[in-house]
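Structure record follows, encoded as structure tokens.
There are 2 protein chains.
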Amino acid sequence: MTPETIASQLRSELMAGVLRPGTDLSQVELAQRFGVSRIPIRDALRILAGEGLVEIEAHRGAKTISLTPEEVREIYDLRILLECDCLQRAAAVLTPADLKEIDRVRLKSNLDAGGPDWADGDWAFHRTIYALAGRQRQLVMIEALRRTCVLFVSAYATMPTKKPRWLSEHDAIVKHLRRGETEQAVLALKEHLEGAASHLIAHIMALPG
Amino acid sequence: MTPETIASQLRSELMAGVLRPGTDLSQVELAQRFGVSRIPIRDALRILAGEGLVEIEAHRGAKTISLTPEEVREIYDLRILLECDCLQRAAAVLTPADLKEIDRVRLKSNLDAGGPDWADGDWAFHRTIYALAGRQRQLVMIEALRRTCVLFVSAYATMPTKKPRWLSEHDAIVKHLRRGETEQAVLALKEHLEGAASHLIAHIMALPG
DNA sequence: TTGAGGCAAAGTGTATACATGTATACACTT
DNA sequence: AAGTGTATACATGTATACACTTTGCCTCAA
Chain S
1 MTPETIASQL RSELMAGVLR PGTDLSQVEL AQRFGVSRIP IRDALRILAG
51 EGLVEIEAHR GAKTISLTPE EVREIYDLRI LLECDCLQRA AAVLTPADLK
101 EIDRVRLKSN LDAGGPDWAD GDWAFHRTIY ALAGRQRQLV MIEALRRTCV
151 LFVSAYATMP TKKPRWLSEH DAIVKHLRRG ETEQAVLALK EHLEGAASHL
201 IAHIMALPG
Chain E
1 MTPETIASQL RSELMAGVLR PGTDLSQVEL AQRFGVSRIP IRDALRILAG
51 EGLVEIEAHR GAKTISLTPE EVREIYDLRI LLECDCLQRA AAVLTPADLK
101 EIDRVRLKSN LDAGGPDWAD GDWAFHRTIY ALAGRQRQLV MIEALRRTCV
151 LFVSAYATMP TKKPRWLSEH DAIVKHLRRG ETEQAVLALK EHLEGAASHL
201 IAHIMALPG
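Order-wise, the sequence lines are chains S and E. Numbering of the first sequence is given in UniProt numbering, commencing with residue 1 and proceeding in unit increments. Numbering of the second sequence is given in UniProt numbering, commencing with residue 1 and proceeding in unit increments.
In structure tokens, the structure reads:
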């Protein structure tokens with residue numbers, strides 16, 4: 001039970017929506033749960049704070065983040081900026097073998113599209129493309145932004161049911177890439193993200209609180 | 001001496017080039033220096049790790065980051081992406097009063113342009129513009145990327161002497177903004193950053209190691 | 001009833017002590 | 001002589017104990 005392990009476990013729970021946004025994370029409680037002292041728990045919370053998933057306030061403990069609709073909007077704008085740039089760079093160096101691999105991951109992700117692990121498959125598809133851009137830090141930043149989004153989607157928005165719309169949107173992106181239509185692929189990705197943003201924001205604003 | 005205070009102090013030293021990239025940061029040494037135990041030091045190092053200024057490896061301690069020329073290139077590409085977007089958004093909501101304030105900060109920053117605090121004035125100018133975009137997270141991300149750059153500029157590149165070129169580049173950006181030439185202002189900013197990137201990369205690659 | 005004050009409980013922050021992992025140097029084997 | 005194994009020193013990781021802050025509640029007075 002290293003701090004990294006604990007952070008990873010908590011990260012999964014946060015993203016799965018087990019803990020609602022704004023939930024207090026008690027050090028003593030977590031220490032008991034993981035069977036360690038509070039020190040490695042504190043380290044784990046600092047790690048998650050660095051990733052932007054929890055907020056730490058001195059003498060008042062850590063709590064999971066809570067975002068306003070405006071913040072969600074900003075995060076998606078940042079994702080659009082960073083992910084479209086990644087896609088563009090990837091398209092510039094795309095090989096037929098890459099396309100084959102992308103399509104393989106896409107088809108595989110279709111399988112758990114309706115299940116609880118839909119987010120993993122979705123991200124696997126996008127990451128496979130973005131990785132081609134060879135931008136390590138950019139990918140890390142995108143992943144961090146995406147995590148905060150997933151946390152909120154899991155907590156607030158409805159889970160996509162069967163054969164969701166974004167599967168066909170993935171298909172469209174690949175189709176454009178295969179035809180060398182970079183601009184249209186970027187546009188398709190942008191609208192893919194815009195759709196997700198609207199979906200999430202609508203659900204957040206429909207909340208009672 | 002809270003962890004935040006310690007992190008802030010170390011951050012300043014890192015950015016001032018006191019500690020060269022790759023330097024080991026001993027917990028016991030820092031604990032003695034700040035007159036506290038290792039626990040708050042560990043917290044401070046985690047904070048800095050979250051900001052990307054130091055790297056922590058389990059059982060092997062923390063050390064200041066060290067970047068390859070490729071990584072510096074990527075960071076500047078990210079800055080161009082994020083900062084140009086901020087400038088564009090700022091230009092869309094710019095008022096005459098904002099322009100006056102921008103020019104005030106610009107003139108003030110000219111004063112310490114040749115001194116050791118040149119980076120503060122430079123950032124004050126850019127931040128004043130970017131803040132108008134009303135993008136909190138984006139600004140934080142830009143600031144984080146900028147810090148890693150400053151760390152490297154301080155460590156490797158020559159300090160700008162008197163009346164550096166970027167003063168006139170700042171002038172050009174403001175001029176375009178005043179005329180409502182958003183596209184040209186963005187282009188000027190991009191070249192401003194490109195110039196800084198070239199300057200830094202050239203110095204890194206000229207290193208012996 | 002209501003507000004201020006203070007007390008107590010709970011939780012975080014830090015120091016110290018101990019456990020564990022890593023690195024260096026030296027001896028030993030091949 | 002080169003490489004490996006081991007022992008020792010040192011740095012980091014963690015647990016426990018204690019100090020401080022926060023917060024809720026209770027008391028008491030207006």
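Positions of the beta carbon are idealized from the N, C-alpha and C atoms, including for glycine. All values derive from a computational prediction rather than experimental measurement.
So residue i is in the alpha helix (DSSP H); what residue range does that whole segment cover?
i, result
"T5 (chain E)", "P3 to M15"
"V153 (chain E)", "Q136 to Y156"
"A133 (chain E)", "No alpha helix (DSSP H) holds A133 (chain E); DSSP gives it neither H nor E."
"G50 (chain E)", "R38 to G50"
Report the three-state DSSP secondary structure of residue i (helix, strand or coil).
i, result
"A62 (chain S)", "strand"
"L19 (chain S)", "coil"
"L94 (chain S)", "coil"
"L25 (chain S)", "strand"
"G180 (chain S)", "coil"
"residue 215 (chain E)", "The first residue shown for chain E is 1 and the last is 209, placing residue 215 (chain E) beyond what the model contains."
"G115 (chain E)", "coil"
"A172 (chain S)", "helix"
"G35 (chain S)", "coil"
"L207 (chain E)", "coil"
Using beta-carbon positions only, say whether residue i and residue j come within less than 8 angstroms of one another.
i, j, result
"C84 (chain E)", "V186 (chain E)", "yes"
"A49 (chain S)", "I41 (chain S)", "no"
"I39 (chain S)", "E4 (chain S)", "no"
"L99 (chain S)", "L189 (chain S)", "no"
"L25 (chain S)", "G52 (chain S)", "no"
"E101 (chain S)", "T64 (chain S)", "no"
"A97 (chain E)", "Y130 (chain E)", "no"
"L94 (chain S)", "C149 (chain S)", "no"
"L81 (chain S)", "L81 (chain E)", "yes"
"L193 (chain S)", "N110 (chain S)", "no"
"V174 (chain S)", "D103 (chain S)", "yes"
"R137 (chain S)", "C86 (chain S)", "no"
"F125 (chain S)", "P21 (chain S)", "no"
"H203 (chain S)", "A157 (chain S)", "yes"
"V72 (chain S)", "A196 (chain S)", "no"
"L45 (chain E)", "V36 (chain E)", "no"
"Q88 (chain S)", "T182 (chain S)", "yes"
Which residue marks the beginning of the beta strand (DSSP E) containing residue i, and which one marks its end?
i, result
"V54 (chain E)", "V54 to E57"
Within 10 Å of its beta-carbon, does residue i have 16 or more other beta-carbons around it, so buried, or fewer, so exposed?
i, result
"E74 (chain S)", "buried"
"G121 (chain S)", "buried"
"R165 (chain E)", "exposed"
"T68 (chain E)", "exposed"
"D43 (chain E)", "buried"
"E154 (chain E)", "Per the sequence shown, residue 154 (chain E) should be read as Ser rather than Glu. Per the 10 Å Cβ criterion, buried."
"M1 (chain E)", "exposed"
"K15 (chain E)", "It should be noted that the sequence gives Met, not Lys, for residue 15 (chain E). Its Cβ being crowded by 16 or more others within 10 Å, M15 (chain E) is buried."
"M205 (chain E)", "exposed"
"L107 (chain S)", "exposed"
"A119 (chain E)", "buried"
"R146 (chain S)", "buried"
"H59 (chain E)", "exposed"
"A7 (chain S)", "buried"
"L30 (chain S)", "buried"
"R79 (chain S)", "buried"
"L10 (chain E)", "buried"
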